[in-house]
Amino acid sequence: MVRHGPARRMSAALLVVCTTYLAVDTLFSSSPSSLMEDFSSSLRRELSKGLTTEEDPQHNNRGLIAYEECTVESINPPDHPIVPVFAASYPGSGSQMTHYLYEALTGVPAGIIKLTRGDDHQVISIKTHYPAQTTNVKGAEEMDRVILQLRNPLNALPSFASFRFEVQNGFPDHTVYAPDKFWIEWRDKNFDKALEDWVNHLEYWVDNYDNTQDKRIVISYENLINEETGPEETQHIAKFLGNGKGVTTVSPEIIPCVWDKVVNYEKNTGRKLLADFVAHDNEWAEKNGDKARSLIKTYYEEIDGAVARKLFHCCDDPLHPE
């Protein structure tokens, strides 16, 4: 269970780390590569096609191996009731990508909080940013399992700022970066509160859902988009979803192919990865590195090692720690 004292130490640690980000003017590109009015349907059309081969130039440009051929079946409501899992993440953590991944792994629609209730029993998961955002899933009395998705706040917070820019200016989701001026004004006004919300969000889901009784798994955005760790992370997700009553997932043999189709479609569409332009103040980092590592070490030993290892890659097996 999470104790508030160590959680505040985590907040301090993250402030140490994230101040690096504030020390520089991060460059944003404000020109959209394309404005996708119906991203969901275009993704599903793409998923329904066969996987590219090694001879495909697009495949070679990605630098990926050719996984076993697979076709993601159409997404349909289940023919029997399903209790969904919470798909919990702080805003800006890549939840749209995993929304589609959960669908592709099960063939069952994934829900969003504005349109879906837990007691509808028609979706595999329901995306929620609670308590970072005030509204949680309605009709959730039967829902007792969660996939907690983490993304390093150095990337999650500016991604969230870009989302706010899109909303305010009428752009489709996940198509443009906020320009420099918007980001600087947003971070100076909201950064401390947003970072506190990030910590409180993590704390809430760790505190209320036990990871020892198949009630919670933690997944890492950074691991999921990585070519080496992504397929294994997806296997971990599929196993958890498949443990739900009445849920069937795709065969283990094609999970790497499903990962490739969904995750790499997302990676190459819309905004580029924020990690590509995160700037680092080397002098500051060198000066404060030992302090940051010390605070983080205290956090993961005293609260929840699984969560910290997922986020900070601090130990031998950051994917699935005991």
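As numbered in mature numbering (1 follows the signal peptide of the UniProt record, and there is no 0), residues -26 to -1, 1 to 296 make up the sequence shown, in order. Note that the Cβ used here is the ideal one computed from N, Cα and C, for glycine as well.
{"Asked": "Along the alpha helix (DSSP H) that carries LEU122, what are the first and last residues, could you check?", "Found": "Careful: LEU122 lies outside any alpha helix (DSSP H), inside the beta strand (DSSP E) at 120 to 124."}
{"Asked": "Quick check: the Cα distance between THR203 and ASN197, rounded to an integer number of angstroms?", "Found": "5 Å"}
{"Asked": "Can you give me the Cβ contacts of LEU75 inside the same chain, cut-off strictly under 6 Å, excluding the 5 residues immediately before and after it?", "Found": "VAL236"}
{"Asked": "Rounded to a whole number of angstroms, what is the C-alpha to C-alpha distance between VAL111 and PRO52?", "Found": "20 Å"}
{"Asked": "Do THR90 and VAL97 come within 8 Å of each other at the CB atom, strictly closer than that value?", "Found": "yes"}
{"Asked": "Looking at the structure shown, is ARG91 part of a helix, part of a strand, or coil, going by DSSP?", "Found": "coil"}
{"Asked": "Helix or strand or just coil, what does DSSP make of SER136?", "Found": "helix"}
{"Asked": "Using three-state DSSP, classify ILE193 as helix, strand or coil.", "Found": "strand"}
{"Asked": "Just mark PHE126 as buried or exposed, buried being the case when its beta carbon has 16 or more other beta carbons within 10 Å.", "Found": "It is worth fixing the name first, because residue 126 is Asn in this sequence and not Phe. Per the 10 Å Cβ criterion, buried."}
{"Asked": "Just curious, the beta strand (DSSP E) that residue 305 is in, first and last residue?", "Found": "Given that the chain is displayed from residue -26 to residue 296, the structure contains no residue 305 and the question cannot be resolved."}
{"Asked": "I need the boundaries of the beta strand (DSSP E) containing SER63, first residue and last residue.", "Found": "59 to 63"}
{"Asked": "Taking the alpha-carbon positions, what's the PHE206 to ALA62 distance?", "Found": "Before going further, note that residue 206 is Glu rather than Phe in the sequence given. If you take the alpha carbons of GLU206 and ALA62, they lie about 20 Å apart."}
{"Asked": "What residue does the alpha helix (DSSP H) around PRO146 start on, and which one ends it?", "Found": "No alpha helix (DSSP H) contains PRO146, which DSSP labels as neither H nor E."}
{"Asked": "Helix, strand or coil for GLY218 per DSSP?", "Found": "coil"}
{"Asked": "Would you identify the three-state DSSP class for ARG245, choosing helix, strand or coil?", "Found": "Caution is warranted here: a pLDDT of 41 is assigned to ARG245, below 50, making its placement in the model unreliable, and the coordinate value is therefore given only provisionally. In this structure, ARG245 counts as coil in the three-state DSSP scheme."}
{"Asked": "If I measure Cβ to Cβ from ALA152 and keep anything under 6 Å in the same chain, skipping five residues before and after, which residues do I get?", "Found": "PHE2, ALA135, SER136, PHE139"}
{"Asked": "How about ILE86 and PHE60: are their beta carbons less than 8 Å apart?", "Found": "no"}
{"Asked": "Leaving out the 5 sequence neighbours to the left and right, which residues in its chain are closer than 8 Å to residue 313 when beta-carbon positions are compared?", "Found": "The question about residue 313 has no answer here: the residues shown for the chain are numbered -26 through 296."}
{"Asked": "Determine the closest residue to GLY218 out of SER48, GLY66, GLU116, with distance taken between C-alpha atoms.", "Found": "GLU116"}
{"Asked": "So, are the CB atoms of HIS54 and GLY220 less than 8 Å apart?", "Found": "yes"}
{"Asked": "CB-CB under 7 Å to ASP118, same chain, minus the five flanking residues each way: which ones, in chain order?", "Found": "LYS189"}
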